[in-house]
Every structure is written in C-alpha cells, then in structure tokens.
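Participant: Quick one: structure below, then a few questions.
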Amino acid sequence: MKSIALGDSEIRSVLRARLSQKHGQQSRIVIIEELGLCRGQVRVDLSVVNGLLHGYEIKSDRDSFRRLRGQVELYGKVLDRATLVVGERHLDEALDNVPEWWGILLAHQSAKGLQLKTMRSPRSNPKKDPRALVELLWLDDALALLEKRDAARGFRGKARWIVWDRVCEICSLNEIARAVRIQLKARAKKRVPV
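Residues in the sequence shown are numbered consecutively from 487, following the working numbering.
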C-alpha cells in the first residue's frame, strides 16, 4: 500500500489533540501555537508550558528540512525540551540531523487513522542561553524581576535590551526560565479564543 503524503494541518490537528488530551485538564498548563523565539526569528509550531517549556516542530511529508538547522540552533537557546514531529519521508533525516536531546515523533497512517509514534523521547536541553530566554519577557516583566532583587533603580525608562542585560547579570538561568513560564502562561490565559 502506497503511503499518503501527510500535510502540516493534519499532523498539527492530531498533535494538538494529543497534547490537549495529555495536558488539557491541568489548569497550570497552557498550549501555545506559533510561539515566536529570538525576537521573532523563528516560531515554534506548538509549545507546552508547565514546569518546562517544551516545543514541537512539525515537518510534514510536504515540507523540506531547509530551515531546520537554524530552527534547531535557535530553539536550543530557549526551550527546555524539543520534539520534532515528522512524516515517514523525513524520519531517517530527522534521526541523523537533530541533536540527541530532541525527541522525535513519527506521524503515520494506520488502520486507526493518523497516529503519532514516539521514535525518540526528548531529554533536557543542555545549553540554554539566558539572554535569548529573557527576550521572551516584556519590559514590565523584566523590570518586575529586577524589583524582586531591589535592582530596578535606574532602569525604569531604559530600553528593553538594557533591562534584559541587567536581568541576565543578576538573575540565574532558573529564575529567568521560571519568570518566562509564568508570563507565557499568564498571556495565554488572557487571550480570547477565536
């Protein structure tokens, strides 16, 4: 039987349903579509925000891997975990080209319909970049972090990149990551569903 080329929308729908089923009843968890990282240089297809920031990148059978190298690099600066979701056409390339800490899900057709099979489980990202991570904070959020450390004096009214630099100087990576998760969840809950 010839396999059918799967598109992004079919895979995204099944992935979203799987993530919603796994995490949907937990009020402290949000799922975000198209999360921009590194000042919008890349967008993560789906992200789960809870005690970790876990991004899912979809490469359907109709996609190319042309942008993946850059995405892997930039996702690696911010995400705690990452998973690549691929159609059968890209499985070998995925196994050969994404870092060991990335998980891989295979999207394939079966008698039960479109299924996602774990080919490699994700692990913790060994090299996050605090500066790339802090850029997910809005200026007020970054200033609030400085205020908690009684270090906001002289930074009100400054450009956000100056405030971000100061946050990186005085806050640990874990503090920054926690603040980012809190703010992403708060923003997602404020959005009105369409």
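Every residue, glycine too, gets a C-beta built ideally from N, C-alpha and C. Here the structure is a predicted model, which is why all the values come from computation and not from measurement.
Contact defined as beta carbons within less than 8 Å: I believe residue 532 pairs with residue 517. What is the distance between those atoms, to the nearest angstrom?
Facilitator: At roughly 6 Å, the Cβ-Cβ gap stays under 8 Å, so residue 532 and residue 517 are in contact.
Participant: Applying the criterion that 16 or more other CB atoms from any shown protein chain within 10 Å of the CB defines a buried residue, is residue 569 buried or exposed?
Facilitator: Residue 569 comes out buried.
Participant: Evaluate the contact criterion for the region 637-648 versus the region 664-676: three or more CB pairs, one atom per stretch, below 8 Å.
Facilitator: The region 637-648 vs the region 664-676: no contact.
Participant: For a test of the three-state rule: what should DSSP assign to residue 613, helix, strand or coil?
Facilitator: Note: residue 613 maps to coil in three-state DSSP.
Participant: If you follow the alpha helix (DSSP H) that residue 506 is in, where does it begin and where does it stop?
Facilitator: Residues 494-509.
Participant: Under 6 Å Cβ to Cβ from residue 576, same chain only, skipping five residues before and after it: list those, please.
Facilitator: 545, listed in sequence order.
Participant: Between the region 595-602 and the region 621-636, can you find at least three pairs of beta-carbon atoms closer than 8 Å?
Facilitator: Cβ pair count under 8 Å is below three, so no.
Participant: For residue 500, tell me which candidate among 591, 614, 662 and 658 has the shortest Cα-Cα distance.
Facilitator: If we check each option's Cα against that of residue 500, 591 comes out closest.
Participant: Roughly how many angstroms lie between the CA atoms of residue 498 and residue 587, to the nearest whole one?
Facilitator: The straight-line gap from Cα to Cα measures roughly 22 Å.
Participant: Can you tell me where the alpha helix (DSSP H) holding residue 531 begins and where it ends?
Facilitator: Residue 531 -> not in any alpha helix (DSSP H); beta strand (DSSP E) instead, spanning 528-535.
Participant: Hey, quick one: how far does the alpha helix (DSSP H) through residue 630 stretch, first residue to last?
Facilitator: It spans 625-634 - the alpha helix (DSSP H) in which residue 630 sits, taken as one unbroken run.
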